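Okay, structure first, notes after.
In structure tokens:
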């Protein structure tokens, strides 16, 4: 279910302009989720990371936690755990469930998994299997019958956040990724980040 009256997490904008706002916006969503008795599941790596950081601040900084509790009118209990959608789907029991439900396996399709630069970093916050060579998405690729292709660009930046300010950098980074996927023999780049997906898809004409 969707959280009622949820807030934008602020992502890059709040982080760049105001550190306190950067923490307070996602902390409000943590409070809403806790009040609803729910975990927070997001498909966006930026929202995921920002919410994790705010949740950790609530958990570890007692003075700031009291300030937020007074401001938002709640008592932090550590519930309302932030999770990324891929984190859930790549749990062993979920991978098995996906595999069991496949009726038309994607045999012959070669896939490189692309996580982007935010989802698995910093490792002390996100706690993924590896900040440099994660493999969780590969398990899902195998489960649907496709062939995961190993490559060295899983967590490199595509430059999407610079689309408006430095298009030259975006073109260089995204073109390099698309070319690397082609050199690895991939048919598809599977993206864990919606913004990365839009960016790489929009730059395909520059490569082909």
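Numbering (this note's numbering), first residue to last: -4 to 203.
Beta carbons are placed, not taken as given, at the ideal position from N, Cα and C, and that holds for glycine.
Keep in mind it's a predicted model, so treat the numbers as computed, not measured.
1) Among residues of its own chain, excluding the 5 on either side of residue 49, which ones have a beta-carbon nearer than 7 angstroms to its beta-carbon?
2) Do residue 113 and residue 44 have their C-beta atoms closer together than 7 angstroms?
3) Put residue 43 into one of helix, strand or coil per three-state DSSP.
4) Where residue 136 and residue 57 are concerned, what is the direct C-alpha to C-alpha distance, given to the nearest angstrom?
5) Determine, using beta carbons only, whether residue 172 and residue 164 come nearer to each other than 7 angstroms.
6) With a floor of 3 residues, list each beta strand (DSSP E) that falls wholly inside the stretch 77 to 125, ordered by position along the chain.
7) Does the ligand FAD have even one heavy atom less than 6 angstroms from the beta-carbon of residue 6?
8) Report yes if the CB atom of residue 190 is closer than 7 angstroms to the CB atom of residue 141, and no otherwise.
9) By DSSP, does residue 139 sit in helix, in strand, or in coil?
10) Can you tell which of 77, 61, 79 has its C-alpha closest to the C-alpha of residue 71?
11) Where residue 178 and residue 126 are concerned, what is the direct C-alpha to C-alpha distance, given to the nearest angstrom?
12) Let's see if you can read the secondary structure: which residues bound the alpha helix (DSSP H) around residue 25?
13) I'd like the span of the beta strand (DSSP E) that includes residue 152, first residue to last.
14) With residue 181 and residue 115 assumed to form a contact (beta carbons below 8 angstroms), what rounded beta-carbon distance in angstroms separates them?
15) Between residue 110 and residue 89, which are expected to be in contact by the criterion C-beta below 8 angstroms, what is the C-beta distance as a whole number of angstroms?
16) Could you check whether residue 75 and residue 28 sit closer than 7 angstroms to each other, using their CB atoms as the reference points?
17) For the candidate residues 39, -4, 33, whose alpha-carbon lies nearest to that of residue 3?
18) Over the uninterrupted alpha helix (DSSP H) stretch that includes residue 166, give me the two end residues.
19) Put residue 48 into one of helix, strand or coil per three-state DSSP.
20) Going by beta carbon distance, what residues of the same chain come within less than 6 angstroms of residue 78, once the five residues before and after it are set aside?
In short:
1) Same-chain partners within the cutoff: 18, 21, 22, 25.
2) Taking 7 angstroms as the Cβ cut-off, residue 113 and residue 44 qualify as a contacting pair.
3) Correct three-state label for residue 43: helix.
4) Distance from the CA atom of residue 136 to the CA atom of residue 57, rounded to whole angstroms, is 42 angstroms.
5) The Cβ atoms of residue 172 and residue 164 lie no closer than 7 angstroms to each other.
6) Counting only runs of 3 or more, we get 77 to 79, 105 to 109.
7) Only the bare structure without any ligand can be found here, which leaves the ligand FAD out of the picture.
8) In this structure, residue 141 does not lie closer than 7 angstroms to residue 190 by Cβ.
9) Residue state, collapsed to three classes: coil.
10) Shortest Cα-Cα distance from residue 71 to any of 77, 61, 79 involves 61.
11) Between residue 178 and residue 126, the alpha-carbon positions lie close to 23 angstroms from each other.
12) Note, residue 25: alpha helix (DSSP H), 14 to 31.
13) Here residue 152 belongs to no beta strand (DSSP E), and DSSP marks it neither H nor E.
14) No, residue 181 and residue 115 are not in contact; Cβ-Cβ is about 20 angstroms, not under 8 angstroms.
15) That belief does not hold up - the Cβ atoms of residue 110 and residue 89 are roughly 17 angstroms apart, past 8 angstroms.
16) In this structure, residue 28 places its C-beta atom within 7 angstroms of the C-beta atom of residue 75.
17) Distance from the Cα of residue 3 is smallest, within the candidate group 39, -4, 33, for 39.
18) Counting along the chain, the alpha helix (DSSP H) containing residue 166 begins and ends at 162 to 178.
19) Residue state, collapsed to three classes: helix.
20) Cβ neighbours of residue 78 beyond the five flanking positions: 34, 36.
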